[in-house]
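Notes follow once the structure below has been shown.
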Amino acid sequence: LFLAISKRKNELAHLEGMETRAGLAQYSLAFLDQMNTVVLPSTIITYAFYTFSAEHSKLLMVTIPIVLYGLFRYLFLINIKQHSDDGPTDDFLLDKNLLITVFIWLIVSAAIILYAK
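With positions in the sequence shown counted from 1, the corresponding number in the working numbering is that position plus 656.
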């Protein structure tokens, strides 16, 4: 939901006189920012609760700061964008910090799941 709201914000912020689908006209940047204000903490809390009750290992709690950084980095990227793009995929592939964060999260999570008992 966080990614979808952020993508809508990007589309709306960079219309530049282009015609778009009718549904996008029903949103405002302020409304989408408010939605992200609710959804982002909910995402963080949900992930934290997941790690607390994980079947594999409670060590997954170690990944919470990594996920926090990744979410905050993405939030930063969508707020400084100067042009429209294809959304989260472009942000992920073009931002070195976000790529490294996801790679670290994958390695740490896989190590915990495979080797921690």
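Note that CB positions come from ideal geometry on N, CA and C, so glycine has one too.
Go ahead and pull the three-state DSSP assignment for residue 667.
helix
Boundaries of the alpha helix (DSSP H) in which residue 752 is found, first to last residue:
752-771
Residue 771: which of 687, 723, 712, 760 sits nearest, CA to CA?
712
Pick out whichever of 702, 705, 662 has its Cα sitting closest to the Cα of residue 684.
662
Would you mind sorting residue 733 into buried or exposed? The rule is 16 or more other CB atoms within 10 Å of its CB.
buried
Taking the alpha helix (DSSP H) that residue 694 falls in, what are its first and last residues?
685-708
Starting from the C-beta of residue 716, find all residues in its chain whose C-beta is less than 6 Å away, skip the five residues before and the five after it, and write them out in chain order.
707, 710, 768
At the level of alpha carbons, what is the spacing between residue 681 and residue 700?
29 Å
If residue 659 and residue 688 are in contact, beta carbons under 8 Å, what's the gap, nearest whole angstrom?
Going by Cβ atoms, the distance from residue 659 to residue 688 rounds to 12 Å, so no, they are not a contact pair.
Go through its chain and collect everything with a Cβ distance to residue 754's Cβ below 8 Å, but skip five positions before and after it.
726, 729, 730, 733, 747, 748
Sort 693, 751, 694, 702 by Cα distance to residue 736 and report the nearest one.
751
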